[in-house]
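A short write-up of the structure that comes next.
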Amino acid sequence: MKAIGLLFMFAFSLLLGACSQKGDATRGKRLFDSTCDVCHYANSTKARAGPGFAGLYKQRALLDGTPVNDKNVERWIRQGSRLMPGYRNAITPEEMRDLLAYLKTL
22 MKAIGLLFMF AFSLLLGACS QKGDATRGKR LFDSTCDVCH YANSTKARAG
72 PGFAGLYKQR ALLDGTPVND KNVERWIRQG SRLMPGYRNA ITPEEMRDLL
122 AYLKTL
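In structure tokens form, the structure reads like this:
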């Protein structure tokens with residue numbers, strides 16, 4: 022019985038670790054440079070075709086008024102907007118974690 026409990030705890034800790042994976046900002050920068058940089062400046066608030074992202078995670082709200090957090094930034098990227106195409110299926114969950122990790126460094 023004790024072995025089953027330990028096995029369950031081990032499996033649960035692996036599952037919990039998988040659910041809370043953090044992104045890799047270096048990989049996120051590569052994705053940004055190849056996908057987002059054409060329309061957005063990374064290190065400036067100056068607009069290109071879309072807004073610059075310097076200090077994005079230090080802002081209170083996105084353009085639609087929702088708080089700046091991973092969930093809302095991901096929603097914006099995946100759904101797009103009137104002027105921005107959505108990347109619903111173009112970015113894997115792992116790539117999204119990487120991209121969000123990079124955006125947090127700006």
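The sequence shown begins at 22 in the numbering used here and counts up by one. Virtual Cβ for every residue (Gly too), placed ideally from N, Cα, C.
If contacts are defined as beta-carbon pairs under 8 Å, then residue i and residue j qualify, I think. What distance do you get, rounded to the angstrom?
i: LEU83; j: LEU127; result: The Cβ separation is near 14 Å, so there is no contact.
i: LEU52; j: VAL94; result: LEU52 to VAL94, Cβ: 14 Å. No contact.
I need the straight-line Cα distance from residue i to residue j, nearest angstrom please.
i: GLY71; j: GLN100; result: 15 Å
i: MET168; j: ARG69; result: In the structure as shown, the chain begins at 22 and stops at 127. Residue 168 is therefore absent and cannot be evaluated.
i: HIS61; j: GLY73; result: 5 Å
i: ASP54; j: THR113; result: 16 Å
i: ARG96; j: LYS67; result: 22 Å
i: GLY38; j: ASP119; result: Here the model assigns GLY38 a pLDDT of 48, short of 50, so the residue's position is not dependable, and the following value carries that caveat. Cα to Cα, GLY38 sits roughly 16 Å from ASP119.
i: ILE98; j: MET105; result: 8 Å
i: THR47; j: THR56; result: 14 Å
i: ASP58; j: GLY107; result: 15 Å
i: PHE29; j: ASP85; result: Summary for PHE29: the model assigns pLDDT 48, below 50, so the residue's position carries little reliability, and this model does not support an answer.
i: ARG81; j: THR87; result: 8 Å
i: SER102; j: GLU115; result: 22 Å
Would a C-beta distance cut-off of 7 Å place residue i and residue j closer than the cut-off?
i: ASN90; j: ALA75; result: no
i: TYR123; j: LYS50; result: yes
Go to residue i, then tell me how far its alpha helix (DSSP H) extends in each direction, as first and last residue.
i: LYS50; result: 46-52
- Message: As an exercise, report each continuous alpha helix (DSSP H) stretch of at least 4 residues that is fully enclosed by the segment 56-125, in chain order.
- Response: List check, alpha helix (DSSP H) in window: 91-100 and 114-124.
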